[in-house]
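Notes for the one structure printed next.
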Amino acid sequence: MLNRTTAPPIKDAIDFNLQLKPYQKFTLDNGIEVYAVDAGAEEVMQLEWVFFAGNWYEEQNMVAATTNYLLKNGTSGKTAFEVNEHFEYYGAYLNRACYNETATLSLHCLSKHTAELLPVVSEIITDAVFPEDELHLYKQNNKQRLSVSLKKSEFVAGRLIDEYVFGIDHPYGKYSSAVAYDALNRPLLQSFYSKYYQQSKYIIFIAGKLPKDIAAQLNTNFGQMTISKTAADKFHVIKPAAEKKYRIINESDGVQGSIRMGRLFPNRHHPDFTKATVLNNIFGGFFGSRLMSNIREDKGYTYGIHSYILNHQHESAWMVSTEAGRDVCEPTIQEVYKEMDILRNKPVKKDELLLVKNYMLGSTLGDLDGPFHIIGKWKNIILNGLPETYFYDAVAAIKSVSAKELQELANKYFTAADFYELVVI
Amino acid sequence: MIQFDKFTLPNGLRVLVHEDSSTPMAVVNVMYDVGARDEDPAKTGFAHLFEHLMFGGSVNIPSYDEPLQVAGGENNAYTTNDLTNYYCQLPAENIETAFWLESDRMLSLAFSKKSLEVQRKVVMEEFKEHYINKPYGDVWFKMRELVYTVHPYRWQTIGKELSHIEKATINDVKKFFFKHYCPANAILVVAGNTTTAQVKELAEKWFANIPAGEKYQRHLPTEPKQTAPRKAIVKSNVPLDALYKCWHMSDRLDDGYYAAELITDILSGGGSSRLYQSLVKEQQLFSNIDCYHFGSTDAGILTIEGKLVRGISMETADRAVELEMEKIKDTLIEEKELQKVKNKTESALAFEDMSIMNRASSLANYELLGNAGLINEELTKYHSITREDIRRYARQIFDVNNCSTLYYYAEADHAAGAGTDHPQ
């Protein structure tokens, strides 16, 4: 007779030997570095050009994001339509994204099409022209989009908590506005482009089933442009708000409140960082976390509640985020503090700690599946300037962290007085 | 080419195995042949609420999530109008944990009252978060009722209204479970670092002794052919006017489905697509516009939706969209344009196939449609579509009598206030 009440034996994930496939590295004629992971069964690949052109480097709000967005909207030889048609004809996806420190161009394509695609990427990096009419349309449509987003409590709350924690003038705290869009002009974009795309050193990450001659192809297309400098680092001062608690009515008939709570937290180089990710998982980092178990699975106040440490290079923050029923927002906040208190006052039990470690390592194992995930791990290490052994150090730290250490971390960081709290209805 | 093996247990459970030794992980995917279309019109949203209850403990195991997490696994589920799918991914060494958990909840749930009470609240918050507390969040409640007169695609998976979820009883839950959640109505797919022999052994051990249950016979009303254009008008607290247009399209297994997919790509598949180039870039009537279809099993909806540039009238915008429909109906598209959307489809399929999770759910999907082998025939079907097919299906879909139009107006006082950045 089959015994259904007892779990089958398992191998604990903490006993797994996790391996991160190493990258290959080569340097183009002009000094640009390429990191490559050649793996995978499908004939597809991903290429990413990472520029140090995030909003960290801009002199005026939205200049970095706008420059990045309009990169593919025209070169001196091609209209925006022609650029798009070229990539789309080959079934390729050319995307761009602007972050705080970096801004990227990324290409997903079938490996067989690189010879047709790379020259046009090169054209975009060296010869984007930012046509006036494209900028006009961008401003008009983004202001419209913003007006819709501002009706969403979660959008408004996400902006405001960043402003409170980092200050409205800090790259991590500032955000878009109709005024900022209106103040944009073509010369601003051209000068930012020239300084941070055309002249500065960037990094290339490639992964997937790589063509045999990929190094030569990259060298032809990207190794010949003149790179005159490396972006000088800039210094920004954090100016957190003096007031810690906010209650805002954005839509008077709203049926839910967007709750955000957050405090400053050090970056990945700090010795507490990896161990804090374990504490974060226990607290609110996954479906089985204490916040989820209590506030969703026991009380039904929300569809989901999460805590996370922001993915920032310089200075991070520890955040809690949820949308809860309008009449249960205050009890939800009280429960969050209550869960912090419990973690400060009582060591995590052995079973729960093992569960969280197994979950984290099992999910890390899943994250190593496929070339795009592997290069993503390396990119994080390289861009953050972390040691090559970071992945293994982090795995070791997760395996070894004790309940006592977690309690110490909770006492250090889960101090209610340090948290900003915000509800936007 | 996706390789797979298939066998059926004596109780009717269909099992598919996709071996891939390049990953250290395994995926266990269980798809049930029940979706929102199988609901009682007075108790909508139930299939989805039920999906939540599948995590509230089964007959022999008090918690589903914890043992899976201990085994290093992650899981989730989703409900559509057509089906309900549960999947988990875990280190392949611990694959038996997933068999143990999935088989027990197929055998029977714990039917905990507390779980029902809590999940009712959770789903009501989900309803609020996605459909009430969002500008334009109510569009598809109205649009589906306009497009469908009798078919249960009239409502969304979240349900018609909060009160339906509020009123669900434990008795409803039990009836639903025993009607739909049995081996005869389920498909198990196992993918990743495993073998067919191992899956056979584990499936027999854990699933074979679950009673077969009764095969659910679906008798849904067929939506009658639409014979005149339909129109509705909404005014709401939103910042911008928006236009929505829907047309009936073919069911999932019809050739017309593949043509409709390519038509949506021609119209709005990227920065060089027709609607974007003409209506956003050249004429500047819309700040954004999209064309897509719902991918549903029964005859579905192809839709175009866009937000109007301030100052443009709804009638002007609507006429401009219709003109684009006339073009694709009248003029054969260029070979190059057709090739472009076929190439896009080819690469989209290749990227989709990268993860074992996607491969597993695709296999289950095609098996539910009648034949898992279809997974390897898709590309050929897209490639066989001609320029003439596109014109023929465009004429069929974009028939004026096949169209439902919704004018979604911003209430004047709200439109004027938009653009403020600092909420007070």
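Chains V and Z are the protein sequences, given in the same order. Per the numbering used here, the very first residue in the first sequence carries number 1; after that it's consecutive. Per the numbering used here, the very first residue in the second sequence carries number 1; after that it's consecutive. Every residue gets a Cβ at the ideal spot worked out from N, C-alpha and C, and that includes glycine.
CB contact below 8 Å: residue i versus chain C
{"i": "Y172(V)", "result": "No chain C appears in this structure, whose protein chains are V and Z."}
Residue i Cβ short of 7 Å to the ligand SAH heavy atom set
{"i": "T97(Z)", "result": "Within the structure as shown, the ligand SAH is missing, as the structure has no ligands at all."}
Sequence-distant residues of the same chain with beta carbon closer than 6 Å to residue i, five excluded per side
{"i": "T345(Z)", "result": "Y382"}
{"i": "Q156(Z)", "result": "W140"}
{"i": "E123(V)", "result": "T75"}
{"i": "H414(Z)", "result": "Note that H414(Z) scores 49 on pLDDT, short of 50, meaning its location in the model is unreliable; the coordinates nonetheless yield the value given after this. Same-chain partners within the cutoff: N237."}
{"i": "G417(Z)", "result": "Bear in mind that a pLDDT of 41 at G417(Z), under 50, signals an unreliable position, so the model cannot answer this."}
{"i": "E86(V)", "result": "Checking the sequence shown, residue 86(V) turns out to be His, not Glu. The residues are V120."}
Integer-rounded CB distance, given that residue j should sit under 8 Å from residue i
{"i": "I305(V)", "j": "M319(V)", "result": "Not really, about 11 Å apart at Cβ, beyond 8 Å."}
{"i": "I390(Z)", "j": "I289(Z)", "result": "About 20 Å separates the two Cβ atoms, so there is no contact after all."}
{"i": "L368(V)", "j": "L18(V)", "result": "7 Å"}
{"i": "V423(V)", "j": "G257(V)", "result": "4 Å"}
{"i": "L243(Z)", "j": "G306(Z)", "result": "6 Å"}
{"i": "V44(V)", "j": "A350(Z)", "result": "5 Å"}
{"i": "L70(V)", "j": "E132(V)", "result": "Wrong, their Cβ atoms sit about 11 Å apart, outside the cutoff."}
{"i": "W247(Z)", "j": "N76(Z)", "result": "Rounded, the Cβ-Cβ distance is 32 Å, inconsistent with contact."}
{"i": "V255(V)", "j": "R326(V)", "result": "6 Å"}
{"i": "G159(Z)", "j": "T44(Z)", "result": "4 Å"}
{"i": "F265(V)", "j": "A215(V)", "result": "In fact, because the Cβ distance is near 40 Å, the residues do not count as touching under 8 Å."}
Residue i versus the options, residue with shortest Cα-Cα distance
{"i": "E129(Z)", "options": "F130(V), K152(V), L117(V)", "result": "K152(V)"}
{"i": "G256(Z)", "options": "L90(Z), I397(Z), K121(Z)", "result": "I397(Z)"}
{"i": "L355(V)", "options": "W378(V), F391(V), A403(V)", "result": "A403(V)"}
{"i": "Q217(V)", "options": "K174(V), V120(V), K195(V), D127(V)", "result": "V120(V)"}
{"i": "M360(V)", "options": "T226(V), F287(V), V328(V), E339(V)", "result": "F287(V)"}
{"i": "L148(V)", "options": "L308(Z), M325(Z), H293(Z), N371(Z)", "result": "Note that residue 148(V) is Val in the sequence shown, not Leu. Closest option to V148(V), Cα to Cα, is L308(Z)."}
{"i": "K78(V)", "options": "K377(V), A128(V), R145(V), E352(V)", "result": "A128(V)"}
{"i": "D393(V)", "options": "Y308(V), Y303(V), N358(V), H269(V)", "result": "H269(V)"}
{"i": "G362(V)", "options": "P10(Z), T23(Z), T8(Z)", "result": "T23(Z)"}
{"i": "G40(V)", "options": "N95(V), A80(V), L110(V)", "result": "L110(V)"}
{"i": "K239(V)", "options": "V63(V), G376(V), L343(V), F166(V)", "result": "F166(V)"}
{"i": "A7(V)", "options": "K167(Z), R37(Z), Q69(Z)", "result": "Q69(Z)"}
{"i": "K399(V)", "options": "M340(V), D15(V), I10(V)", "result": "D15(V)"}
{"i": "P371(V)", "options": "E59(V), A207(V), L20(V), D341(V)", "result": "A207(V)"}
{"i": "V17(Z)", "options": "A260(Z), P224(Z), L146(Z), A197(Z)", "result": "A197(Z)"}
{"i": "I249(V)", "options": "L2(V), T27(V), K72(V), I425(V)", "result": "I425(V)"}
{"i": "Y136(Z)", "options": "L369(Z), Q217(Z), I210(Z), V234(Z)", "result": "V234(Z)"}
{"i": "T316(Z)", "options": "Q283(Z), N343(Z), L332(Z), K327(Z)", "result": "Q283(Z)"}
{"i": "Q89(Z)", "options": "V27(Z), L188(Z), R387(Z), V321(Z)", "result": "V27(Z)"}
{"i": "F176(Z)", "options": "T331(Z), F294(Z), E214(Z)", "result": "E214(Z)"}
{"i": "K349(V)", "options": "E297(V), E33(V), L94(V), Q407(V)", "result": "Q407(V)"}
Cβ shell of residue i (< 8 Å), same chain only, five flanking positions each side left out
{"i": "Q119(Z)", "result": "L49, H52, L53, G56"}
{"i": "W100(Z)", "result": "I61, P67, W206"}
{"i": "T102(V)", "result": "V50, F51, F52, A53, G54, L383"}
{"i": "K329(Z)", "result": "R391, A394, R395, F398"}
{"i": "F81(V)", "result": "none"}
{"i": "I295(V)", "result": "Y301, T302, I305, T322, A324, T332, E335, V336"}
{"i": "L20(V)", "result": "L368, I374, K377, W378, F391, Y392"}
{"i": "F130(V)", "result": "T67, L70, N73, G74, R186, L189, Q190, Y193"}
Per DSSP, cross-strand counterpart(s) of residue i
{"i": "F26(V)", "result": "V34(V)"}
{"i": "V122(Z)", "result": "Its beta-bridge partners do not exist; DSSP assigns none."}
{"i": "C329(V)", "result": "Answer is none; C329(V) lacks a bridge partner."}
{"i": "C182(Z)", "result": "Partner(s): none; C182(Z) has no beta bridge."}
{"i": "A191(Z)", "result": "H18(Z), V27(Z)"}
{"i": "I289(Z)", "result": "G306(Z)"}
{"i": "Q140(V)", "result": "Partner(s): none; Q140(V) has no beta bridge."}
{"i": "Q426(V)", "result": "A question about residue 426(V) goes unanswered here, because the residues of chain V that appear run from 1 up to 425."}
{"i": "V59(Z)", "result": "Paired residues: none, contrary to the question."}
{"i": "H108(V)", "result": "Q46(V), Y93(V)"}
{"i": "F7(Z)", "result": "V15(Z)"}
{"i": "E323(V)", "result": "S258(V)"}
Contact set for residue i: own chain, Cβ-Cβ below 7 Å, skip 5 residues either direction
{"i": "H422(Z)", "result": "Its pLDDT being 41, under 50, H422(Z) is placed unreliably in this model, and the coordinates cannot settle the point."}
{"i": "S115(Z)", "result": "L53, G56, G57"}
{"i": "S384(Z)", "result": "none"}
Inter-stretch contact at 8 Å, needing at least 3 Cβ pairs: the stretch 372-380 of chain Z / the stretch 129-146 of chain V: No: the two stretches stay apart, fewer than three of their Cβ pairs being nearer than 8 Å.
Examine the Cβ distances between the stretch 202-220 of chain Z and the stretch 260-275 of chain Z and report whether three or more of them are shorter than 8 Å. The stretch 202-220 of chain Z makes no contact with the stretch 260-275 of chain Z; the number of CB pairs closer than 8 Å stays below 3.
Inter-stretch contact (C-beta, 8 Å, three-pair minimum) for the stretch 194-201 of chain V and the stretch 221-231 of chain V: yes
Is the stretch 174-187 of chain V touching the stretch 55-64 of chain V in the sense that three or more CB pairs, one from each, lie closer than 8 Å? Contact holds: three or more Cβ-Cβ distances are below 8 Å.
Could you tell me whether the stretch 180-191 of chain Z touches the stretch 26-35 of chain Z, where touching means 3 or more Cβ pairs closer than 8 Å? yes
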